[in-house]
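One point on numbering: in UniProt numbering, the residue at position 297 of the sequence shown is 297, and numbering is uninterrupted.
Glycine included, C-beta positions come from ideal geometry on N, C-alpha and C.
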Amino acid sequence: MIVGVPKELKTAETRVGLTPEWVKKLTASGHKVLIQSMAGKGSGFPDEEYIFAGAEVVDTIDEIYEQAEFVVKVKELQPYEYGLLRENQMVMAWFHLAEDVNHEMLQALLDKKTISLSMELMVLPDGTRPTIKPMSEIAGTLAMLEAVKYAQYGYGGKGILLRKMAGLPSSKVVILGGGNAGFNAAQVAVGLGLNVTIVEASMNRIDYLTKQLPQVDVVLWDQDLLTKLLIHSDVLINTIYPMPGAKSLVTREMVGTMQPHSMIIDITGVGLIETSHYTTLEEPIYYEHDVLHYCVPNMPALCPQTSTNIMLMTTGNYILNIANQGLKDVVEKDEIVRNCISTWNGEIVHHEVGINHNMPYTEIKKVLLCAK
């Protein structure tokens with residue numbers, strides 16, 4: 001099989017679909033691997049390492065899509081890539097088609113009859129999403145570290161050090177959601193000696209967090225309580241990913257009650273805070289109601305070597321199995337791969353994607369049955 005790895009086109013995205021280590025495993029199994037030149041530079045993998053591992057380095061992204069049967073990416077397709085897709089070509093990435101309403105990307109996948117494997121839809125039997133969990137942990141950690149940075153005067157903040165200092169009151173951090181991202185953000189904030197409150201909707205999760213983070217106030221979700229907390233907070237971190245049709249948890253009016261030059265770090269980028277909209281790592285902040293907003297959805301790209309390696313701890317074996325056995329054989333045996341496919345032969349084959357886009361869908365099992 002010909003496996004291709006393009007350089008990511010998303011603004012400031014530094015991660016890469018394959019490391020030289022995984023390229024070596026693929027080439028040792030007899031597969032041809034194409035790497036776009038400089039694709040791994042941001043993650044610390046120069047072209048020479050890929051060549052040494054047996055890959056062929058090509059100059060353009062067009063060459064990757066023209067030749068590869070299996071394209072391995074990190075982030076969702078960018079508009080230029082829509083026209084490069086081919087029928088029956090497999091593309092693995094974080095598409096987020098079940099969360100974001102990107103009709104253009106979805107339609108391109110359908111029109112070209114491309115097979116899309118959505119990494120975020122990989123789900124283990126215990127309900128864990130193995131590619132999302134470590135990225136959420138990284139994003140939660142970085143959310144608090146970025147808050148420390150942007151609280152400083154030279155970065156647009158109010159000029160405070162988000163660290164407990166003897167004789168001064170601790171800065172207040174409110175975290176929406178106590179999942180993997182929220183837990184990691186709270187760990188960093190506690191380590192800095194800050195006054196931390198997690199707002200969580202699940203009593204089971206509240207019990208867990210209370211035991212694991214005894215220094216943190218973990219409170220049950222309540223709109224009025226959150227409004228009161230925001231008035232005195234220095235940092236609000238949102239770690240909750242919006243479900244299709246979800247209403248905002250933080251209204252524009254609530255943001256307006258926050259202290260001047262306080263900040264909102266929204267790792268989902270958009271959806272649950274009315275004043276949030278996507279920003280990029282190149283232009284990460286803006287102000288609204290005199291509150292600094294940082295709404296970068298791909299923060300793990302700030303530490304691409306860590307993020308790429310930990311991503312491939314999950315995806316690497318799936319990629320290798322698909323290359324070795326072929327996708328049809330793998331999906332018949334492996335429920336995790338089968339259930340992460342979003343589009344196949346011009347049809348939506350994942351119910352979450354169909355529901356999110358309000359479009360018809362067919363369950364992947366029926367599609368495979370008809371293909372026999």
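- If you draw a straight line from the Cα of S136 to the Cα of A55, it comes to about 31 Å.
- Judged by their CB atoms, L312 and L281 are not nearer to each other than the 8 Å cut-off.
- Within a 10 Å sphere around the beta-carbon of F52 sit fewer than 16 other beta-carbons, which makes this residue exposed.
- When rounded, the separation of the alpha-carbon atoms in H103 and V349 is 15 Å.
- Beta-bridge pairing by DSSP links G4 to L34 and V71.
- Restricted to the stretch 62-140, the beta strand (DSSP E) segments that are unbroken, complete and at least 3 residues in length are 70-75, 90-94 and 115-118, listed in chain order.
- Going by beta carbons, L176 and V199 fall inside the 8 Å limit.
- DSSP places D47 within a helical segment (H, G or I) once states are collapsed to three.
- D59 carries a coil assignment under DSSP once its states are collapsed to helix, strand and coil.
- Here Q223 is exposed, its C-beta having fewer than 16 other C-beta atoms within 10 Å.
- When rounded, the separation of the alpha-carbon atoms in A201 and S171 is 24 Å.
- For H293, the secondary structure class from DSSP, reduced to helix, strand or coil, is strand.
- Between A186 and D329, the alpha-carbon positions lie close to 43 Å from each other.
- Assigned with DSSP and collapsed to three states, S29 falls in coil, not helix or strand.
- Runs of the beta strand (DSSP E) lying entirely within the stretch 220-270 and spanning at least 3 residues, in chain order: 235-238 and 263-266.
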